[in-house]
Every structure is written in structure tokens, then in C-alpha cells.
Amino acid sequence: MLRKLTMLVALLGIVMIYSCGTKKKLEAAMSENEQLRSKNTELNNTITGLQKQVSDLTATNQSLQNEFASYKTNCQETEKKLQAVRDHVSEQMAIMQGVEKRLEDALANFRDKGVDVFLKDGLVYVSMADNLLFRSGSSVLSPNCRAALEPLSNVLNEYPKLRVIVVGNTDDQQFKKGGGDNWTLSTERANVVVRALRDDFKVDPSRLTAAGKSKYNPVADNTTADGRAKNRRTDIVLNPDLERIWNEVKESKE
Numbered sequence: 006m007l008r009k010l011t012m013l014v015a016l017l018g019i020v021m022i023y024s025c026g027t028k029k030k031l032e033a034a035m036s037e038n039e040q041l042r043s044k045n046t047e048l049n050n051t052i053t054g055l056q057k058q059v060s061d062l063t064a065t066n067q068s069l070q071n072e073f074a075s076y077k078t079n080c081q082e083t084e085k086k087l088q089a090v091r092d093h094v095s096e097q098m099a100i101m102q103g104v105e106k107r108l109e110d111a112l113a114n115f116r117d118k119g120v121d122v123f124l125k126d127g128l129v130y131v132s133m134a135d136n137l138l139f140r141s142g143s144s145v146l147s148p149n150c151r152a153a154l155e156p157l158s159n160v161l162n163e164y165p166k167l168r169v170i171v172v173g174n175t176d177d178q179q180f181k182k183g184g185g186d187n188w189t190l191s192t193e194r195a196n197v198v199v200r201a202l203r204d205d206f207k208v209d210p211s212r213l214t215a216a217g218k219s220k221y222n223p224v225a226d227n228t229t230a231d232g233r234a235k236n237r238r239t240d241i242v243l244n245p246d247l248e249r250i251w252n253e254v255k256e257s258k259e
């Protein structure tokens, strides 16, 4: 009997010891599980945040791609417009070079009489000495001026879109006739040439402009007789179709 009681007590001790160990393990396991659950929740929140960042970045990337595509399209359109302007400028330059050649040929007989034809900054200049066109010190055309103005006007009429500016120039010597001055003389001479081109050679007057520069547009030294002779001249300046070029430039900015 005593032996059985002793065994029972020993068995109960073993059970109690086992129960205490299991409880501690259970509590430890539950604590670890809670930590894992908390960590899992934290990781899920992190994943959710990262997914939102990825979504936002994807949307931003798509927006940037759309903007880039639009920018690229706009650049291509602008480049097309700029190319059209460059092509037209090149076309006009080729035309002006052709005009220069035509005028050189048409006025070849007057090269030794004070006529000079040249292309400068996209404009064609025909420079005529004053003694070829005018009586000395006056704005009255000389009898021989028609021989020079006729071939000039023929070329002008071949290119009806070109604008024509007639510019009178003088040397720096004081003008003594009629109480006028070099401004008056240079302007009157330009006006006379414009009227002759209009009335005698049928150049469209809407293309013509007259201007006087007096002594303020010299091409040579006024301290020598030869230099003053070169400065006493009338320049006929031919301008390309700038209106079309300007319109294309404005379109390229829109």
C-alpha cells in the first residue's frame, strides 16, 4: 500500500513537472506567434506601401512617356516648319543669285561706265554712277540714262515678286545749286528714277520705294576726287520675297 502511494506521488510529480514545462513552451510559442503575427502585419503594411509607390511611379512614368511623346511630336512638327523656312530661304537665295547673274549680263556694256552689280547679305545691288543717270549737280535725267535703265527694268519685270528700293547717295561736298542740300538732291534723284521705272518702263509702282541717304552712305574715301565720284551714285536694291519667309517663321512659332 505504501509502495503504491509512493508511486502515485512520484507520478503526480512527473505530471506536474511536465505540465509546467509544457505551459512555458506554450506561452513561449504563443509569444513568438504574436511577434510573428505583428511582424507579418508590419511586412504586409510595408508591401502595401511599396505597391502604392510602384503604382504611383508607374503612373508618373506613363505620364512622362506621354509628355515625351507629345514633346517629340511637337519637335518634329517644329523641325518640319523650320526646314520649310530654311528651304524657302535657300530657294530665295538661289533666285537672288540668278537675278544677280541676269543683271550682270544685261548691264555688261555699262561696267566701264560706273555700273556695278553685286550680291550682299541676300540682297542684289545695282550701283550706278551719277554721271551715267543725271546731269551734273541736278536731279534731271541725262539723255543717255534710258540705255542703262531699260535693260535694268526688263530684268526687274522678269521678277515681279522682288521689292525694289532706289537709294540716292552723294559725296560730302556742299551742294550749291538752288539753295538745296545733299539730302534734297539724293532724295529727288531717287524719286526721279522711281518715276522713270514706273512711267517709262512699266515697273509696278507698288514694288518701288525711293530713299535719299545724302552723304551718309559712302563706299569710298571722300578726301579724294576718285572716292567722291564713287560715292555720288544711285543704288537700286532688290529684296527677296521677305513676306513669305516671315509668314513661315511666324507659323513655325505657333
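Numbering follows our numbering, in which position 33 of the sequence shown is assigned residue number 38; successive positions increment by one, without gaps.
All C-beta atoms, glycine included, are put in the ideal place defined by N, C-alpha and C.
From a predicted model like this one, the values you see are computed outputs, not experimental measurements.
Grab the span of the alpha helix (DSSP H) containing residue i for me, first residue to last.
i	result
R197	The identity of residue 197 in the sequence shown is Val, whereas the question assumes Arg. Looking at the DSSP string, the run of the alpha helix (DSSP H) that includes V197 is 187-204.
L213	Where L213 is concerned, there is no enclosing alpha helix (DSSP H), although the beta strand (DSSP E) it sits in stretches over 213-217.
R151	150-163
How is the beta strand (DSSP E) around residue i delimited, first residue to last?
i	result
R140	Here R140 belongs to no beta strand (DSSP E), and DSSP marks it neither H nor E.
K125	120-125
A230	Careful: A230 lies outside any beta strand (DSSP E), inside the alpha helix (DSSP H) at 230-236.
R168	168-174
A134	128-134
Apply the 10 Å Cβ neighbour rule to residue i and answer buried if 16 or more other Cβ atoms are within range, or exposed otherwise.
i	result
S211	exposed
F139	buried
A34	exposed
L202	buried
P165	exposed
S158	buried
A152	exposed
R42	exposed
A64	exposed
V199	buried
A74	exposed
V160	buried
V59	exposed
Taking C-beta to C-beta, are residue i and residue j nearer than 8 Å?
i	j	result
L108	V122	yes
L154	F115	no
V208	N162	yes
D135	T239	yes
S191	T175	yes
V169	I241	yes
P148	L112	no
Which whole-angstrom value describes the C-beta separation of residue i and residue j, a residue pair presumed to lie in contact below a C-beta threshold of 8 Å?
i	j	result
K218	V172	6 Å
L87	L167	Actually they do not touch by this definition, with Cβ atoms about 24 Å apart.
L124	Q97	That pair is no contact at about 12 Å.
G127	P245	6 Å
* Stretch-stretch touch, CB-based, cutoff 8 Å, three pairs: the region 214-223 with the region 127-144 -> no
* Asked: Any chance the region 226-236 sits against the region 182-196, with 3 or more Cβ pairs inside 8 Å?
  -> no
* Asked: Is the region 89-96 in contact with the region 104-120, if contact means three or more CB pairs nearer than 8 Å?
  -> no
* Asked: If we count Cβ pairs, one from each stretch, closer than 8 Å, do we get three or more for the region 65-83 versus the region 122-131?
  -> no
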